[in-house]
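Below: one structure, written as structure tokens.
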Amino acid sequence: YYEEKMREEERIKSIYHDLKNHILLLESAGDKDQEWISEFKKKAIKYENYYRTGNKFLDIILKDKIERAQTDNVKIVDDICFDEVEFLNPLDISTIFGNLLDNAIEACRFVEDTEHRVVNISARRRNQLLVIHVSNSKVKDKRSRTRRGTSKKIIHGYGLLNVSNAVKKYNGEISIDEKESEFVVNIIIPMGGRWGMESD
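Here it is as structure tokens:
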């Protein structure tokens, strides 16, 4: 799925690159329909600042989740640098980041004040460790209302077992801290964990 998404993104970036040049020509030529050009530019501009985490799979995952979060008025604040992280299997990257972001976004959906629907995610190398941090706001009462009004217990841990198993493959550790109005996941993985050594 993500390989196909990567190919799709590359096609879109290529198209956008040409469209941007066409727009510049129209603007410089003094085209009468400046309002149309301005509106088109707004729709196309999002492809200019696509994410660059240092890992193509992670770029696609992050972009995919940010788009999903926007539909639920959830803000994702990211600080990710994967330039020196090459030992993680793409499927494990998907498992770890996909599940953590899905859980975080889902929990934020139940926070009534949309201004407080925030997910913070960071991931980067610190010395010989890959350090991943994900935190999100959540409702204080674990029992919330679904969109249809029925009572539902928020089970943030859905998918965390898969995340934990993926982390352990690399001799990593995961810690979970559920606070009154915040859920926090911290992960530490030795650089070049067991999977990386086995593949050498």
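Position one of the sequence shown corresponds to residue 103 (the working numbering), numbered consecutively onward. Even glycine gets a Cβ: it sits at the ideal position worked out from N, Cα and C. Computed from a prediction, not measured in an experiment: that's the story for all the values here.
Could you work out which residue in 157, 216, 289 is closest to residue 185 when comparing CA atoms only? For residue 185, the closest of 157, 216, 289 by C-alpha to C-alpha distance is 157.
Quick one: grab the DSSP three-state call for residue 177. Here residue 177 sits in strand by DSSP.
Quick one: any contact between the segment 211–221 and the segment 271–279, if contact means 3 or more CB pairs under 8 Å? Proximity of the segment 211–221 to the segment 271–279 falls short of the contact definition, fewer than three beta-carbon pairs being nearer than 8 Å.
Counterpart residues of residue 280 in DSSP-defined beta bridges: According to DSSP, which records beta bridges pairwise, residue 280 is partnered with 285.
I need the straight-line Cα distance from residue 193 to residue 203, nearest angstrom please. Those two C-alpha atoms are separated by around 15 Å.
Between the beta-carbon of residue 236 and the beta-carbon of residue 226, is there less than 8 Å? No; because the gap between Cβ atoms is not below 8 Å, this pair is not in contact.
Could you please give the first and the last residue of the uninterrupted beta strand (DSSP E) stretch that includes residue 237? In this chain, the beta strand (DSSP E) harbouring residue 237 covers 231–239.
In its own chain, which residues sit with a C-beta less than 6 Å from the C-beta of residue 224, not counting the 5 before and 5 after it? For residue 224, where only same-chain residues beyond five positions count, the Cβ hits under 6 Å are 181, 235.
For residue 228, which three-state DSSP category applies? Strand.
Quick check on DSSP: helix, strand or coil for residue 273? Residue 273 falls in the coil class under three-state DSSP.
Rounded to whole angstroms, what is the Cα-Cα separation between residue 249 and residue 200? Here residue 249 scores only 42 on pLDDT, less than 50, and its place in the model is too uncertain to base an answer on.
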